[in-house]
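Reading the sequence shown from the start, the letters are residues -20 to -1, 1 to 198 in mature numbering (1 follows the signal peptide of the UniProt record, and there is no 0).
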Amino acid sequence: MKKVILSLGLLVGVAGVANAQTGLKLGLKGGFNGATFSGKDSKGSEYKAGFAAGGLLNYGFTDMFSVQGELLYSQKGGSRDYDNGAGKTYTDKTTLGYIDVPILLKVNTGEDGKGLFFEAGPQGSFVMHQRSFTEDSGGKQIGSSETSTDQLNKVVIGYVAGLGYQITSGVGIGVRYTGDFSQVAKDQSTTIGGVTVSNPNVHNSVFQFQVHYLFGGK
């Protein structure tokens, strides 16, 4: 009888350890964005600073593998220097606000919810707002700002890949890259005063440094 009780106690203890990092966890995260444009018309694009912040759901199938969905507000965009052909240099600056929804597979290499992890998966992004304007070489804004999102793709599809370190089973840090398959702007042209202007063929390209906290960690 004592052996049976001891065996049951050991089984419960092992099951408790095995399930410590499995199941559903909620979390918060935020961090720094270094954003720019890539693609056919991105020549001269430079990085601009922004931020990302929001929440996450993590479901652990085992101590090693989990799926994580996130809902983040993320600032993207970039700046681009160009010559107008008459010897004058101008800078286009664009700030874009998106709601990012990545679905990631996470591989955890540590024990007890700690250690190195890798993550990758698809991402859908929904444009919320933009502010674009042009500056001359002296930093003076030329004309008014563009705030309409009519010429932008309202939904863009991309991908995420990154790695990080779980400091405790609650607190972690990570770096990731997010790129878009879809163009920022719609693939169309506009004729103004007899001149046809096409939307630039560019894609969001963002490096992110993030800190997160998982509720329910030990």
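For each residue, glycine too, the CB sits at the ideal point set by N, CA and C. The structure presented is a predicted model; accordingly, all values stated were derived computationally and were not measured.
Determine the direct distance from the alpha carbon of residue j to that of residue i, and round the result to whole angstroms.
i, j, result
"Gly144", "Asp72", "34 Å"
"Lys9", "Lys68", "43 Å"
"Phe2", "Ile122", "Note that residue 2 is Thr in the sequence shown here, rather than Phe. Roughly 55 Å between the two C-alpha positions."
"Phe189", "Gln146", "14 Å"
"Ser112", "Thr42", "46 Å"
"Val191", "Asp61", "32 Å"
"Gly40", "Leu4", "7 Å"
"Glu126", "Arg156", "30 Å"
"Ser128", "Asp92", "48 Å"
"Gly104", "Tyr27", "22 Å"
"Asp63", "Phe97", "45 Å"
"Ser117", "Gly49", "43 Å"
"Lys120", "Tyr70", "10 Å"
Tell whether a beta-carbon distance below 8 Å holds between residue i and residue j.
i, j, result
"Asn184", "Asp160", "yes"
"Gly11", "Ala29", "no"
"Gln131", "Asn179", "yes"
"Leu84", "Val140", "yes"
"Gly142", "Glu99", "yes"
Got a sec? Which residues, its chain only, sit under 6 Å from residue i by beta carbon, not counting five neighbours each side?
i, result
"Val186", "Asn13, Ala15, Lys56 and Thr158"
"Val182", "Phe17, Gly19, Asp21, Ser22 and Val164"
"Ala54", "Looking at the sequence itself, residue 54 is Ser, so the reference to Ala does not match. If we look at Ser54 and ignore the five residues flanking it on each side, its Cβ neighbours are Ala32, Tyr78 and Asp80."
"Gln110", "Leu76 and Thr129"
Between which residues of its own chain and residue i is the CB-CB distance below 7 Å, once the five residues before and five after are set aside?
i, result
"Met108", "Gly77, Tyr78 and Ile79"
"Phe106", "Tyr78, Ile79, Lys134 and Val135"
I believe residue i touches residue j by the beta-carbon criterion, under 8 Å. Please report the beta-carbon distance rounded to the nearest angstrom.
i, j, result
"residue 222", "Lys86", "In the structure as shown, the chain starts at -20 and stops at 198, and residue 222 therefore has no counterpart that could be examined."
"Gly90", "Thr74", "With 8 Å as the limit, Gly90 and Thr74 do not qualify as a contact, their Cβ atoms being about 40 Å apart."
"Leu52", "Gly34", "4 Å"
"Lys94", "Ser149", "6 Å"
Excluding the five sequence neighbours on either side, which residues of its own chain have a C-beta within less than 8 Å of the C-beta of residue i, listed in chain order?
i, result
"Pro102", "Pro82, Ile83, Ile137, Gly138, Tyr139 and Val140"
"Gly7", "Gly35, Leu36, Leu37, Asn38, His192, Tyr193, Leu194 and Phe195"
"Ile153", "Gly144, Tyr145, Ile147, Phe189, Gln190, Val191 and His192"
"Met44", "Val87, Asn88 and Thr89"
Say yes only if the C-beta of residue i is nearer than 7 Å to one or more non-hydrogen atoms of the ligand COA, and no if none qualify.
i, result
"Lys94", "In the structure on display, the ligand COA does not appear, and there are no ligands present to speak of."
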